[in-house]
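These notes concern the structure reproduced below.
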Amino acid sequence: MIEILNADELARARATGALVGDILQALKARAAVGVNLLDLDRWAKRLIEDAGAESCYVDYAPSFGSGPFGHYLCTAVNDAVLHGMPHDYALRPGDLLTLDLAVTLRGISADAAISFVVGGTPAVEDLAMIEATERALAAGIAAARPGARIGDLSHAIGTVLHDAGYPINLEFGGHGIGSTMHQDPHIANDGRPGRGYTLPPGLLLALEPWVMADTDVLRTDDDGWTLRSATGCRTAHTEHTIAITADGAEILTRPRS
């Protein structure tokens with residue numbers, strides 16, 4: 008399913024996106040050494056419910072997961088990169104943490120992710136990997152405009168990641184979003200320009216470059232959800248929800264402060 012939003016729906020999408028950005032920044036500020044991932048999940052629940060929103064994750068049960076996710080936030084640490092299920096783990100100095108959040112407010116969803124290092128002095132390699140995903144995301148957004156094709160976005164993202172020297176996994180990538188979290192079209196993190204679906208105004212997309220330092224192979228934890236690098240290497244993941252407008256792309260999930 009591909010949804011095209013009208014003006015009223017786009018206004019609601021802006022409110023949802025801002026809420027996602029604000030909650031992620033609030034959680035990042037709380038993600039200090041010694042904080043438990045389960046506490047971050049509880050704080051996410053409270054912030055979502057206090058805003059009158061709903062989690063996209065709690066009842067989420069796609070074919071690639073093991074039953075309903077059951078949590079409000081994805082928390083991926085170090086070699087974990089996607090769908091990180093919160094568990095009883097206290098953050099340590101130097102942990103590379105990714106927080107991924109999707110909520111629905113007034114019938115419209117938004118999805119975003121940030122990666123950062125907790126406490127201590129970040130390793131140069133970690134900062135470079137995070138920055139590469141941020142630059143790849145910016146490149147994908149810059150390529151997003153009416154009349155562009157999905158392959159143009161994938162190519163822009165992949166070029167940055169390849170040039171930075173990272174292998175690219177094509178199993179999971181960006182996606183359409185609207186009244187539900189995961190919709191068509193799929194946006195791979197590498198691809199050929201000039202191919203795929205043509206972007207119209209009113210389309211919402213969640214773009215999410217992610218990399219693993221030395222592999223493109225994933226393994227799944229026993230929890231049936233958390234995806235890790237097959238080699239145990241570090242990982243990074245950055246995501247924004249954008250709206251295609253008449254003038255280009257509008258980032259919806261920036262925090263308001």
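The sequence shown begins at 8 in the numbering used here and counts up one residue at a time.
No residue lacks a Cβ here, since even glycine has one placed at the ideal position from N, Cα and C.
Just checking: is the beta-carbon of Tyr-96 within a distance shorter than 8 Å of some beta-carbon in chain B? No chain B is present in this structure, which holds just one protein chain.
Coil, strand or helix - Asp-29 by DSSP: helix
How long is the line joining the alpha carbons of Asp-46 and Lys-35, rounded to whole angstroms? 12 Å
Can you look up Arg-183 in the DSSP assignment and give me helix, strand or coil? Residue identity differs from the one stated: residue 183 is Gly in this sequence, not Arg. Strand, per DSSP.
Where Asp-170 falls: helix, strand or coil (DSSP): helix
For the 8 Å Cβ check, are there 3 or more pairs between the region 170 to 183 and the region 100 to 108? no
Quick one: give me the first and last residue of the alpha helix (DSSP H) that Ile-9 is part of. That residue, Ile-9, is in no alpha helix (DSSP H); it is neither H nor E in DSSP.
Taking all protein chains shown into account, do 16 or more other C-beta atoms lie within 10 angstroms of the C-beta of Gly-41, making it buried, or fewer, making it exposed? exposed
Leu-234 to Met-92, Cα distance in whole Å? 9 Å
Residues in the same chain with beta-carbon distance under 7 Å from Ile-194, minus the five sequence neighbours each way, listed in chain order, please. Ile-157, Leu-160, Ser-161, Gly-180, Gly-181, His-182, Leu-212, Leu-214
Under a Cβ-count criterion, where at least 16 other Cβ atoms within 10 Å of its own Cβ denotes burial, should Glu-246 be classed as buried or exposed? buried
Counting only the same chain and skipping the five closest in sequence on each side, list residues whose C-beta sits under 6 Å from that of Ala-171. Ala-139
Burial state of His-244 (16 or more Cβ within 10 Å): buried
So, is Ile-115 buried or exposed, given that buried needs 16 or more other C-beta atoms within 10 angstroms? buried
Figure out for me which residue from Ala-22, Ala-39, Phe-76 has the closest Cα to the Cα of Ala-117. Ala-22
DSSP bridge partner residues for Ile-251 (one or two, in chain order): Ala-256
Tell me the rounded alpha-carbon separation between Gly-201 and Ala-51. 39 Å
Among the candidates Leu-225, Ser-186, Ile-258, Asp-57, whose CA atom is the shortest distance from the CA of Met-8? Ser-186
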